[in-house]
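Undergrad: Provided herewith is a single structure, encoded as structure tokens, for subsequent inquiry.
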Ligand code: FEO
């Protein structure tokens, strides 16, 4: 069922209350999500994006109830990832000659995923326009690596709507569609989680793209992303947030992350957390066992942190595999301007702290020299090293 956004623009997407993970199992979803697609019915009829493949037949059937599919003049594929292009195959089976406007890289990703089907691609680049009648135009803006090489946004003049695709989105199901109808705390927390876990590796490109869009002089009344709410009340707020988040963002927070075998490393983790609060009562402290905690939420907490402390006992001349895998995820998000410290227990060989320091350095953290390395279980001598480690992290 189409839902009006403004004038002749409607939402025709899918609200996914049941989705629990995204990007395989990497991104955990706590509050549902949506795949937003949009229908413009000016003199020309335009479909912007589709939905994820499992919902493709329902999407096409619903669209048929709203319009004769043969009335669609143009399809805009802002991004080739399957959550937005997944219904194209079913749709194009019905209207195979309809032109698809997308970037050159989107042709590669769409043909790569679905095969060469002879679709009628029209390649566009930043600044190209498409007249849709009624004095209105679509203006295309390449969003290369935000977050795929093929990503693009589409701006509609007259109604001043930026169809931003993944940028400014959230994995957040809001049946009422609009930002002013959503729980504001959840909305901003989901928007930050999405930025930290999906867009942060490309933060430098976000920082460049925002002034580029501003420089195009396009007034923005609505930002309509491909996931989550449509920003109609103060839409610039999410652009301002992105500008801040892309600029080596941090809050006064330290996050302590660990896994443990027989509780010794956990004891050090909690001693570090207590000491941070003692030395700096205004600093927010969070503690996570990374083998058990929601990894997507933990990444968001690291994004917010000025420093982290990471612990693992030594096992098999290495760190625990739960921490190895977790650190690979941390590295992939390319955090910057954050300190880190390492700690852990051991029984004989004791490599874990050294390995943690190497991996944290490799992941882009400024690793402090101070450490807590405890033989068997932490004793008074080990706990006495905690204040210096915390002091170095907070300096
Ligand atoms: Fe929402 Fe990159 O797809």
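Residue numbers (our numbering): -7 to 387. All residues carry an ideal CB built from backbone N, CA and C; glycine is no exception. Just so it is clear, the structure is predicted and the values come from calculations on it, not from any experiment.
1. Can you name the start and end residues of the alpha helix (DSSP H) that residue 237 belongs to?
2. I need the DSSP call for residue 62, collapsed to helix, strand or coil.
3. Grab the span of the alpha helix (DSSP H) containing residue 379 for me, first residue to last.
4. Buried or exposed, going by whether 16 or more other CB atoms sit within 10 Å of the CB of residue 337?
5. Give me the DSSP bridge partner(s) of residue -5.
6. Which residues neighbour the ligand FEO when neighbourhood means a C-beta less than 6 Å away from any of its non-hydrogen atoms? List them by chain order.
7. Enumerated in chain order, which unbroken segments of the beta strand (DSSP E) with a length of 3 residues or greater are wholly contained in the region 225 to 309?
8. Could you have a look at residue 114 and say whether DSSP puts it in helix, strand or coil?
9. Whole angstroms is fine: what's the gap from residue 171's alpha carbon to residue 7's?
10. Along the chain, which unbroken stretches of the alpha helix (DSSP H) at least 4 residues long are found entirely within the region 69 to 136?
11. Using the rule of at least 16 other Cβ atoms within 10 Å of the residue's Cβ for burial, across every protein chain shown, is residue -7 buried or exposed?
12. Start and end of the beta strand (DSSP E) containing residue 332?
13. With a threshold of 8 Å, are at least 3 pairs of Cβ atoms found where one atom belongs to the region 231 to 238 and the other to the region 313 to 326?
14. Are the region 63 to 81 and the region 32 to 41 in contact at 8 Å, needing three or more beta carbon pairs?
15. I want to know whether the region 322 to 333 touches the region 358 to 370 - three or more CB-CB distances under 8 Å.
16. With distances taken from CA atoms, which of 272, 150, 246 is nearest residue 1?
17. Assign residue 76 to one of two classes, buried (16 or more other C-beta atoms within 10 Å of its C-beta) or exposed (fewer than that).
18. Could you tell me which of 297, 165, 368 sits nearest to residue 253, measuring between CA atoms?
19. Return the residue from the list 4, 144, 202, 324 that minimises the CA-CA distance to residue 354.
20. Does residue 48 pass the burial test, meaning 16 or more other C-beta atoms within 10 Å, or should it be called exposed?
21. Cβ atoms of residue 212 and residue 227: under 7 Å apart, would you say?
22. Quick check: what's the CA-CA separation for residue 141 versus residue 92?
23. To the nearest angstrom, how far is it from the Cα of residue 132 to the Cα of residue 279?
24. Output the residue ranges of the beta strand (DSSP E) runs that lie fully inside the region 149 to 190 and measure 3 residues or longer, sorted by chain position.
25. Which residues does DSSP list as the beta-bridge partners of residue 31?
26. Residue range of the alpha helix (DSSP H) that residue 348 falls in?
27. Give me, in chain order, the residues of the same chain whose beta-carbon lies closer than 6 Å to that of residue 389; leave out the 5 immediate sequence neighbours on both sides.
28. Measuring alpha carbon to alpha carbon, tell me which residue in 87, 379, 216, 148 is nearest residue 123.
29. Taking the continuous alpha helix (DSSP H) assigned at residue 370, which residues delimit it?
30. CB-CB under 6 Å to residue -3, same chain, minus the five flanking residues each way: which ones, in chain order?
31. Using 8 Å as the Cβ pair cut-off and three pairs as the minimum, do the region 298 to 311 and the region 260 to 272 touch?
32. Among 94, 168, 129, whose alpha-carbon lies nearest the alpha-carbon of residue 135?
33. How long is the line joining the alpha carbons of residue 57 and residue 46, rounded to whole angstroms?
34. Per DSSP, which one or two residues make a beta bridge with residue 361?
35. Along the chain, where does the alpha helix (DSSP H) that runs through residue 45 open and close?
36. Using a Cβ-Cβ cut-off of 6 Å (strictly less than) and excluding sequence neighbours within five positions of residue 79, which residues of its own chain qualify?
TA: Short version:
1. 228 to 237
2. helix
3. 378 to 386
4. buried
5. 3
6. 71, 73, 75, 76, 139, 140, 158, 218, 219
7. 245 to 250, 276 to 281, 299 to 303
8. strand
9. 15 Å
10. 74 to 77, 80 to 86, 96 to 106
11. exposed
12. 331 to 338
13. no
14. yes
15. yes
16. 150
17. buried
18. 368
19. 324
20. buried
21. yes
22. 17 Å
23. 44 Å
24. 153 to 157
25. 2, 39
26. 344 to 354
27. The requested residue 389 does not occur in the structure, where the chain is confined to residues -7 to 387.
28. 148
29. Counting along the chain, residue 370 falls outside any alpha helix (DSSP H), and DSSP gives it neither H nor E.
30. 3
31. yes
32. 94
33. 19 Å
34. The partner list for residue 361 (beta bridge, DSSP) is empty, contrary to what the question assumes.
35. First-last for residue 45: undefined, no H or E at that position.
36. 42, 43, 48, 51
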